[in-house]
C-alpha cells in the first residue's frame with residue numbers, strides 16, 4: 003500500500019479529487035496542517051463524491067508530528083526543483099509520496115534535507131507547475147505500475163453488457 007502526503011493543501015477540490023484517487027487505488031492519505039479549508043467543506047466532499055467516507059485519512063498538526071508518527075518512513079518529495087524525475091526511482095511498498103501546497107510547493111527547509119528522494123514531473127520550462135491532483139495521479143500510478151497494479155481490478159467490465 004502506498005501513502006500520499008499533502009503538506010498544507012489549500013484548495014478543497016484538489017484534496018477531494020486526491021481523496022477519491024486514494025480510495026480507488028487503496029492508498030492512504032496524510033494531511034499536514036494547516037489546511038486551507040475545513041474537512042467538512044462542501045467542495046471537498048463534492049470532489050471526493052461519496053468515496054470520502056471510505057478514505058483512510060490521517061491529519062497531523064505539523065511536519066514534526068507527521069515525522070514523529072511515521073518514524074523511518076521513506077518519503078519521496080514531489081517538487082519542480084528535483085534533479086531526478088518520478089520515473090527514475092523504484093517506489094517501495096508502503097513508501098510515502100509527498101506534495102506541497104498549491105501556491106508554494108514543499109518548503110525548501112524540508113527539501114534540502116531530502117535531496118536524494120526529491121522527484122519531479124518533466125514539463126516545459128516556462129510552466130510553474132501542474133495541478134496538484136493531476137500530479138498526484140501521475141506519480142501514484144507510476145508507483146502502482148511498478149508494482150503491477152497489485153490489489154486493483156485486473157480487468158475492465160461493462161456495466162450492462164458483456165465484452166464480445
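Residue numbers (my numbering): 3 to 166. The C-beta atom is built at its ideal place from N, Cα and C for all residues, glycine as well. It should be emphasised that the depicted structure is a prediction, and the values quoted were computed from it without experimental measurement.
At the C-beta level, residue 8 and residue 41 stay beyond 9 angstroms of one another. Only buried fits residue 100, as 16 or more other CB atoms lie within 10 angstroms of its CB. A Cβ-Cβ separation of about 13 angstroms leaves residue 138 out of contact with residue 13 under the 8 angstroms criterion.
For residue 122, the closest of 105, 140 and 114 by C-alpha to C-alpha distance is 140.
Residue pairing from DSSP places residue 103 in a beta bridge opposite 107. Ranked by Cα distance from residue 28, the options 53, 163 and 157 are led by 53. Burial is judged here by how many other beta carbons sit within 10 angstroms of a residue's own beta carbon; residue 36 has fewer than 16 and is exposed. Across the set 151, 116 and 124, the C-alpha of 116 shows the shortest separation from the C-alpha of residue 75. The secondary-structure analysis by DSSP pairs residue 9 across a beta bridge with 34. Contact between residue 112 and residue 65 holds: their C-beta atoms lie close to 6 angstroms from each other, under 8 angstroms. Contact between residue 93 and residue 26 does not hold, since their C-beta atoms are separated by about 17 angstroms, which reaches or exceeds 8 angstroms.
Taking the C-beta atoms as reference points, residue 157 is found no nearer than 9 angstroms to residue 125. Straight-line spacing of the CA atoms in residue 85 and residue 15 works out to 30 angstroms.
If you draw a straight line from the Cα of residue 55 to the Cα of residue 17, it is about 14 angstroms long. Distances from the alpha-carbon of residue 114 to those of 161, 73 and 78 put 78 closest.
Counted as a single uninterrupted DSSP element, the beta strand (DSSP E) harbouring residue 80 occupies residues 77-80. Cβ atoms of residue 95 and residue 149 come within 8 angstroms of each other, at about 7 angstroms.
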